[in-house]
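Protein chains in written order, with the working numbering: chain A, 1 to 476; chain B, 1001 to 1476; chain C, 2001 to 2476. Beta carbons: idealized from backbone N, C-alpha and C, even for Gly. Keep in mind it's a predicted model, so treat the numbers as computed, not measured. First comes the structure, then the notes that go with it.
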Amino acid sequence: MPAKLHLHPDRLFSSHGVERDIARRLYQQVADLPIVSPHGHTDPSWFALNQPFENPTELLIKPDHYVFRMLYSQGVSLEQLGLRRRDGVPIEQDPEKIWQIFAEHFPLFHGTPSSLWLNHTFVNTFGIDVKLNKQTASHYYQVINDALQTPDFLPRRLFERYNIEVIATTECATDDLAYHQQIRNSGWQGKVITAFRPDGVIDPEHEQFQSRLTKLSQITDLDCRNYDQYITALRQRRAFFKEMGATSTDHGHPTAQTADLTDAQARSLFDRIVNSGVSKTDVSAADAELFRAHMLVKMAEMSLDDGLVMQLHPGSFRNHNDQLFRVFGRDKGADIPQSIEYVKALKPLLDKFGNNKDLSLILFTLDETTYSRELAPLAGHYPCLKLGPAWWFHDSPEGMIRFRRQTTETAGFYNTVGFNDDTRAFLSIPARHNVARRMDAVYLAELVTRHMLDEDDAAVIARDLAYGLAKKAYQL
Amino acid sequence: MPAKLHLHPDRLFSSHGVERDIARRLYQQVADLPIVSPHGHTDPSWFALNQPFENPTELLIKPDHYVFRMLYSQGVSLEQLGLRRRDGVPIEQDPEKIWQIFAEHFPLFHGTPSSLWLNHTFVNTFGIDVKLNKQTASHYYQVINDALQTPDFLPRRLFERYNIEVIATTECATDDLAYHQQIRNSGWQGKVITAFRPDGVIDPEHEQFQSRLTKLSQITDLDCRNYDQYITALRQRRAFFKEMGATSTDHGHPTAQTADLTDAQARSLFDRIVNSGVSKTDVSAADAELFRAHMLVKMAEMSLDDGLVMQLHPGSFRNHNDQLFRVFGRDKGADIPQSIEYVKALKPLLDKFGNNKDLSLILFTLDETTYSRELAPLAGHYPCLKLGPAWWFHDSPEGMIRFRRQTTETAGFYNTVGFNDDTRAFLSIPARHNVARRMDAVYLAELVTRHMLDEDDAAVIARDLAYGLAKKAYQL
Amino acid sequence: MPAKLHLHPDRLFSSHGVERDIARRLYQQVADLPIVSPHGHTDPSWFALNQPFENPTELLIKPDHYVFRMLYSQGVSLEQLGLRRRDGVPIEQDPEKIWQIFAEHFPLFHGTPSSLWLNHTFVNTFGIDVKLNKQTASHYYQVINDALQTPDFLPRRLFERYNIEVIATTECATDDLAYHQQIRNSGWQGKVITAFRPDGVIDPEHEQFQSRLTKLSQITDLDCRNYDQYITALRQRRAFFKEMGATSTDHGHPTAQTADLTDAQARSLFDRIVNSGVSKTDVSAADAELFRAHMLVKMAEMSLDDGLVMQLHPGSFRNHNDQLFRVFGRDKGADIPQSIEYVKALKPLLDKFGNNKDLSLILFTLDETTYSRELAPLAGHYPCLKLGPAWWFHDSPEGMIRFRRQTTETAGFYNTVGFNDDTRAFLSIPARHNVARRMDAVYLAELVTRHMLDEDDAAVIARDLAYGLAKKAYQL
């Protein structure tokens, strides 16, 4: 008889009576609040077209870099997992065979958030009650595959079942937002908004920088190799994104460097960059860094005009595995965090706009050493700064508790912005918010049992962390 | 009916029976020990003049950068809080109105040490038993304001009520220590000593460096723009401070860099610095850093002569918010910690004096990553080094437990120096020592419940951490 | 009556019932598994000659840098502890007097792993049941000294009593492995293997680099100042070490820097280094770093040929205390960790071999900030990478729990390699493995009580962490 799978109602809580009881009570008050997902990477076409998801493998394995990076680290090739090669070399085509490999390797995920998210999905979305392993793999495949063909598992229906109040996708500055338009036109009530992600037209080291500038020129009818017209084009795109519901911009820079160049300096730098050739290899690293730094300040300036909230996600060494990048492209689990500093890097921006209450800049990090050393002290002082939640590798029980322990004493709760799921794995969204709500309850219960906070006050904070702060910080 | 405020006798302890009971027993043995405050920033004029504190706002809000930095981060202006502008632009004058703003924003401090310290003060010093909020704000103001006019709340009386055995203030090298002299002459028995803080005459980037050199020349009758006379002047000032009770020096440098220049090199460097102009902008950053580095070694050399204990508080980016600094001046909650390294930086000093048991150099940090990586290994080897307690942003329950967890296994307890309150908020002193004593009890109780330490041994250590080590390390 | 010493059966476990019970059950299943010690510094002559250990001081104090560094930090000189000076200046000769000093200072070790290890040894190896202090010092000395003269305390007998399945020592590349040969020839069944540590012939800054090259030339009959012959010599030595049981190499570099030079570049660099003079001071730091970096890639290349597992132990500033190094030599407790980075440093090696499943590179760190930021993300992606356990200063209860908390969520359990004792203190080996098994049980029990893992799955993992992973990772 296969081993049973179930989600314990007290999971993630302390096993100690008093603390567990308080966590449970706090959690119960937020467990059913609607999901506000102000930052993520779901595909708007799902909600626009509302077609059935293809099969369990396409839905749960191929888009989830947490999953295939772990399998890859233990010797499973990406070809075996059916990830498409750029060179067309044949890969595994049978989704059920890929599912079988995944199932056999499932114990690798013990102790990881992926195991939490996946089991949550298996139980709550698909009603499965046995553990995933070699023996149960085809049962799983069958159950999930069958479900996906039913109306209850269409994207819009899942959106509703998941009680999502609003979800933001992320599109690059040159996106036509056609799917968002289609969602609006459809009359469906689900609130799917976009977020403005201009990295591709701001980062001279992005592999498509030059081609995206060309595209930007085309769609704006401006000459985006002229700095002033380029700036105008960005303003126009922001306005268009805002019209399509965007309340935020997102910036995925290698560092947090900012710079405040004069228009003359910026023109000259931009000119050097865009006229230096067609490939990123012709731009010097220093020029690229300076331009990104300058553009963060320009984005802040535009935010003060159009009111879009700014998000900065720095510190990832993207595509660290050259060979994999050449064969499979971006986002294959080979982005590695690096040490980062914020105090000097943000100073030019803060010197210019730091005291302005109308700017809202949400900071994220992959370098947890910055929580107590830099980020909480900065956010606990500057009116324009807020702290985004534990991000990416740290979007996990331990990661979340470290975030609270290391930021709260200096920045409090109200300089943070609630939870972001930041995912392209749509089905994991309820699980991720669930983990966040539970871990905040755990942290608050600690404060209550240690008599640093009344339970009444904790309940107010729990609700703000689960719902209120995200709506406020992202103006939703 | 307003919500009740009380201090739970088990606050900060684990909620788990065995662990809580041990923590309680350990704590009870140290709860009433006298306060030894070997490093802080209280104002000696309070104890010299023994005048009533002006009002609740002047006493509890305006001198507390922890308080106004949090309010500022959430959009309250410093003008609203009555902080004086250098340009004379009018600010809020009504202390009760400021108190009201503070009260309304009090939930911002949930989960922060400020909330612990303030509630401790409200209950224990003023006997208040309702929570501070919008509704209770004027009740609070009245109660505190009335109390301050009574003899029991005069500075000396509070000093005695708080059971302070000795407190050290911090004065700059050019201070005449008139208030300390006045305390001595008064016949009052309270022990208030000074500490020698020469940053203003050692750091070429200090905004008053040149004017303080002038003052140093005047008070010593030496030419302090001549290196040798400057060194002599510093020796004289140290002797004067020592005469006035100082047992320690304190150095608030941007980094921990030390350097051992020859006299000729030092003379030439000093000459370049002091003759380069009147403003700090004329000194190169490298020269300034080298001079500070060299002077740390000179200070160590002088400590070997006069026996003063040396404290190094590095790693803060002071006055990070330029605009605020220009309008309001120093210490407005805009000092931000930075990444720092000690291993290479301290080597010149350690190469020269590291093996000398007669030198005592107490190291502090704002970069918690250095606890286990650098500071505990250094202090667990070099006879001259000791570790100061969790500092500033980390003077908090989580900060203290991180300090113990990350230093004890390598440096033990006896390479640490007990607690420093490091505060200018006089009324918070008992609360701060209370938190430290409780958190050390929590940590020791963990070791006892995990059978790594007997409770008898833990009790000895608890007493040393609360009282004995500070007296020994600071020669009090 | 002297205070009793005993080892509590639940030591290191949580005091909370449910969690403790699970930890206890998990631990009991691994407590008696054989010890696999794949990396350490015991002396093969002990097992080759099987002579009695000299006395308690020679056995337990003098080889243990954890012990004398702590005593030294509190003012006990190394001369008082009988550590031999290079200059022949007389030192303490009486082992019992040294033992007495150690006993009097034993409270310094409260809260440190040394106290755990030593008490474990006192009770379990020597059957002592009173605490070590001034009063019991000579009782201890007598009991241990007497025991050491009996057959039950001969090295081979201890090896068997400790249930050691296999132990690896570490020898430099020029070692003749005579003791290993002697062990083999003796017919004794204990499995003692070597590991190949080439730092002395790879690091141009090693104080014996030039003389070891000479020795390498002699024993291989090659000209090891010619790059190609030098490489051949290293291949030969690896083959010889492998023949003598080695399954791994070990690299103790200052940084994790790797570089992939062409043969021509490498020849030219090597030539510049070996022909630059006889002392390390003539080699530029940059050349030395580049050569070490290049040789890590060469070692990886050779590992792909001969199958030896590679270990990288970077980040220690060796011999930080110049004066002590000159007088007493290496390994005197004055090695201090530094900040380190892996992401850029390892890229050249990973670009070349990172996707090759046949390479196994085990990474260690002294900079715990790299656990969650760099090491877990790297090991959770690259097939060739695994994470070594918490190392050196972090081989401790808190250090181990930090390791698991900060690596598991991203890298899982199966990208780690079980426990290394890494010690030259032979008698501490059972204690160290005991601590590791207990702390893994503690961590797993947390996951079980928080319902993130079934107890059945946890039991499998506990066994793998205590035994299976070390055998697999080190091919034992």
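Presumed contact (8 Å Cβ cut-off) between H1394 of chain B and P1314 of chain B, rounded CB distance: In fact, because the Cβ distance is near 14 Å, the residues do not count as touching under 8 Å.
Minimum Cβ-Cβ distance from V1343 of chain B to chain C less than 8 Å: yes
Whole-angstrom distance between L1081 of chain B and P1523 of chain B, CA atom to CA atom: Not covered by the structure: residue 1523 of chain B. The range shown for chain B is 1001 to 1476.
Best match in B:T1121, B:S1045 and B:F1126 for proximity to Q1181 of chain B [C-alpha to C-alpha]: B:S1045
Alpha helix (DSSP H) segment containing M295 of chain A, residue limits: A285 to D306
Counted within 10 angstroms of its Cβ, other Cβ atoms place P9 of chain A as buried (16 or more) or exposed: exposed
Own chain partners of A466 of chain A with C-beta closer than 6 Å, once the 5 adjacent residues on each side are dropped: V30, L33 and R437
Proximal chain C residues relative to M70 of chain A, where beta-carbon distance stays under 7 Å: G2380 and G2412
Residue-chain proximity (G2354 of chain C, chain A), Cβ-Cβ < 8 Å: yes
Residue closest to A411 of chain A, alpha-carbon to alpha-carbon, out of A:M439, A:T423, A:Y382 and A:N226: A:Y382
Proximity test, T1125 of chain B beta-carbon vs the ligand PLP heavy atom, cut-off 7 Å: Within the structure as shown, the ligand PLP is missing, as the structure has no ligands at all.
Own chain partners of P113 of chain A with C-beta closer than 6 Å, once the 5 adjacent residues on each side are dropped: S396
Separation of D271 of chain A from D228 of chain A, as counted between CA atoms: 11 Å
Residue from A:L476, A:R238 and A:H110 whose Cα sits closest to the Cα of D175 of chain A: A:R238
Span separating the alpha-carbon of K62 of chain A from that of F68 of chain A: 7 Å
Sequence-distant residues of its chain with Cβ nearer than 6 Å to L59 of chain A (five each side left out): F53
Every unbroken alpha helix (DSSP H) within the segment 1187-1260 of chain B, with a cutoff of 4 residues, ordered by chain: 1199-1202, 1209-1220 and 1227-1243
Against chain C: residues of the segment 1442-1454 of chain B by CB proximity under 7 Å: L1447, T1449, R1450, H1451, M1452 and L1453
Near-chain B residues of the segment 365-389 of chain A - C-beta to any C-beta below 8 Å: T369, S372, R373, E374, A376, P377, L378, A379, G380, H381, Y382, P383 and L385
Neighbourhood of K4 of chain A by C-beta, 8 Å cutoff - its chain only, sequence neighbours within 5 removed: D129, V130 and K131
Presumed contact (8 Å Cβ cut-off) between P2337 of chain C and R1373 of chain B, rounded CB distance: 5 Å
Selection of the segment 456-468 of chain A by Cβ proximity to chain B, strictly under 7 Å: D457 and I461
Other residues of its chain near V2274 of chain C: CB distance less than 6 Å, five sequence neighbours each side excluded: R2225
Contacts of A415 of chain A in chain B (Cβ-Cβ under 7 Å): What sits at residue 415 of chain A in the sequence shown is Asn, not Ala. Neighbours of N415 of chain A on chain B, chain order: S1073.
K1097 of chain B versus R1085 of chain B: straight-line alpha-carbon distance, rounded: 18 Å
N321 of chain A versus C:D2043, C:R2184 and C:P2377, residue with shortest Cα-Cα distance: C:P2377
Short Cβ contact (8 Å threshold) for A48 of chain A with Y162 of chain A: no
Rounded C-alpha distance that separates D2464 of chain C from L2444 of chain C: 12 Å
Interface residues of chain C facing T112 of chain A [CB-CB closer than 8 Å]: T2408, E2409, T2410 and G2412
Backbone secondary structure at I2061 of chain C - three-state DSSP: helix
For L1361 of chain B, the first and last residue of its enclosing beta strand (DSSP E): L1361 to L1363
Contacts that V1018 of chain B makes with chain C (C-beta to C-beta distance below 9 Å): S2015 and H2016
Distance CB(S339 of chain A)-CB(A2379 of chain C) smaller than 8 Å: no
Top-ranked residue by Cα proximity to S37 of chain A, from A:G187, A:K191 and A:N124: A:K191
Collapsed DSSP secondary structure at P2348 of chain C in the structure displayed: helix
Own chain partners of F2413 of chain C with C-beta closer than 6 Å, once the 5 adjacent residues on each side are dropped: I2461
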